[in-house]
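Residue 89 in this note's numbering sits at position 75 of the sequence shown, and the numbers go up by one each step. Each remark here refers to the structure printed beneath this line.
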Amino acid sequence: QTQTIVNNESADIIVILNSQFNELAQHPDLDLYPEALRDTIDQWNEKIYHAVNNGVYRCGFAQTQTAYDTACNELFLALDEIDAVLETNRYLCGDRLTLSDVRLFTTLFRFDAVYHGLFKCNRRKIQDYQNVGAYLREIYQLPRVAATCDLDAVKRDYYGNLFPLNPGGIIPVGPDISDLLAPSHRSRVPAAKGHE
Numbered sequence: 015q016t017q018t019i020v021n022n023e024s025a026d027i028i029v030i031l032n033s034q035f036n037e038l039a040q041h042p043d044l045d046l047y048p049e050a051l052r053d054t055i056d057q058w059n060e061k062i063y064h065a066v067n068n069g070v071y072r073c074g075f076a077q078t079q080t081a082y083d084t085a086c087n088e089l090f091l092a093l094d095e096i097d098a099v100l101e102t103n104r105y106l107c108g109d110r111l112t113l114s115d116v117r118l119f120t121t122l123f124r125f126d127a128v129y130h131g132l133f134k135c136n137r138r139k140i141q142d143y144q145n146v147g148a149y150l151r152e153i154y155q156l157p158r159v160a161a162t163c164d165l166d167a168v169k170r171d172y173y174g175n176l177f178p179l180n181p182g183g184i185i186p187v188g189p190d191i192s193d194l195l196a197p198s199h200r201s202r203v204p205a206a207k208g209h210e
């Protein structure tokens, strides 16, 4: 009625942005939520949201050791699974970028700088995962992606505003993310069976 979208759920918003504004898009043929992969994408999205996107918050804001341990174990089991999948798949759903990769990328980009220390997700860093680390580098190096990634702003937001987790408001100087520009060699990953 008012021609206004009222929605703050990121999972819904990325689906809307994928298809509802094609007449305004420079690349309207780009479909990150293709019909043939929707079941797989939806399964990954559920896992990524619960164990990774929300998992880091469940670790950081846990009020008991049991809650923290559970969230941390689920997070790193999911990252281990993702690393294994990326051994044979270039992207989560095969050989093409999908909404699942976009959802995962946002957390991976922040992980070593914020979630590893501030949220106590410190079993491993993303750079310690051979496949996940290379996958992060590949997506970061896609055209126009790095321009949307402002790590200084991310650190100011998390370290500067989460008083319960960082009472002094001290914003760390690191990490150096120049390694995100190193070659990823992900193009060498064979196409996944069934997605060729």
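Using N, Cα and C, we set each Cβ at its ideal position, and we do this for glycine too.
Do three or more CB pairs link the segment 165 to 182 to the segment 113 to 132 at distances below 8 angstroms? Under the 8 angstroms Cβ criterion, the segment 165 to 182 counts as touching the segment 113 to 132, having at least three qualifying pairs.
Bridge partners for TYR105 per DSSP, in chain order? As a position in the sequence shown, residue 105 is number 91, starting the count at 1. Its beta-bridge partners are GLY108.
So, using beta-carbon positions, are ARG158 and LEU194 closer together than 8 angstroms? Indexing the sequence shown from 1 puts residue 158 at position 144. Indexing the sequence shown from 1 puts residue 194 at position 180. No, Cβ-Cβ distance for ARG158 and LEU194 is not below 8 angstroms.
Compute the Euclidean distance between the alpha carbons of ALA196 and ARG72, then round it to the nearest angstrom. As a working note, residue 196 is residue 182 in the sequence shown. As a working note, residue 72 is residue 58 in the sequence shown. Distance between the alpha carbons of ALA196 and ARG72: 31 angstroms.
Reducing DSSP to helix, strand and coil, say where SER201 ends up. Position 187 of the sequence shown, counted from the start, is the residue given in the question as residue 201. Residue state for SER201 is assigned as helix, using DSSP reduced to three classes.
Kindly provide the ranges of any beta strand (DSSP E) runs that are 3 or more residues long and lie completely inside the segment 104 to 156, ordered along the chain. Fully enclosed beta strand (DSSP E) runs of 3 or longer: not present.
If you check the beta carbons only, do ARG200 and ARG104 fall under 8 angstroms apart? Along the sequence shown, one-based indexing puts residue 200 at 186. Along the sequence shown, one-based indexing puts residue 104 at 90. Yes, the Cβ-Cβ distance between ARG200 and ARG104 is below 8 angstroms.
Could you check if LEU91 is buried or exposed, using at least 16 other CB atoms within 10 Å of its CB as the buried criterion? As a first step, residue 91 must be located in the sequence shown, where it is residue number 77. When all chains shown are included, LEU91 counts as exposed.
Within this structure, are the beta carbons of THR121 and ASN67 separated by less than 8 angstroms? Working through the sequence shown from its first residue, we reach residue 121 at position 107. Working through the sequence shown from its first residue, we reach residue 67 at position 53. Yes, the Cβ-Cβ distance between THR121 and ASN67 is below 8 angstroms.
Under the assumption that GLN141 contacts GLY147 (Cβ atoms under 8 angstroms), give the Cβ distance between them as a whole number of angstroms. Locating residue 141 in the sequence shown gives position 127, where the first residue counts as 1. Locating residue 147 in the sequence shown gives position 133, where the first residue counts as 1. The pair is a contact, with the Cβ atoms about 5 angstroms apart (cut-off 8 angstroms).
When the Cα atoms are used, what is the spatial distance from THR54 to ALA65? One-based indexing of the sequence shown puts residue 54 at position 40. One-based indexing of the sequence shown puts residue 65 at position 51. One C-alpha to the other measures close to 16 angstroms.
My output table needs one value for THR162: the three-state DSSP class, helix, strand or coil. If you number the sequence shown from 1, residue 162 lands on position 148. Of the three classes helix, strand and coil, the one that applies to THR162 here is helix, per DSSP.
Would you give the residue range spanned by the alpha helix (DSSP H) that ILE55 belongs to? Here residue 55 is taken as the residue at index 41 of the sequence shown, counted from 1. Per DSSP, ILE55 belongs to the alpha helix (DSSP H) from 52 to 61.
Taking CYS86 and CYS135 to be in contact with their CB atoms under 8 angstroms, please state how far apart those CB atoms are, rounded to whole angstroms. Here residue 86 refers to the residue found at position 72 when the sequence shown is read from its first residue. Here residue 135 refers to the residue found at position 121 when the sequence shown is read from its first residue. With 8 angstroms as the limit, CYS86 and CYS135 qualify as a contact, their Cβ atoms being about 7 angstroms apart.
Buried versus exposed, by CB contacts within 10 Å (16 or more), ILE96: Numbered from its first residue, the sequence shown carries residue 96 at position 82. ILE96 comes out buried.
For TYR47, which of helix, strand or coil comes out of DSSP? Walking along the sequence shown from the start, residue 47 turns up at place 33. Coil.
Quick check on the burial criterion: 16 or more other C-beta atoms within 10 angstroms. Buried or exposed for ASN175? Taking the first residue of the sequence shown as position 1, residue 175 is located at position 161. By the 10 Å Cβ count, ASN175 comes out exposed.
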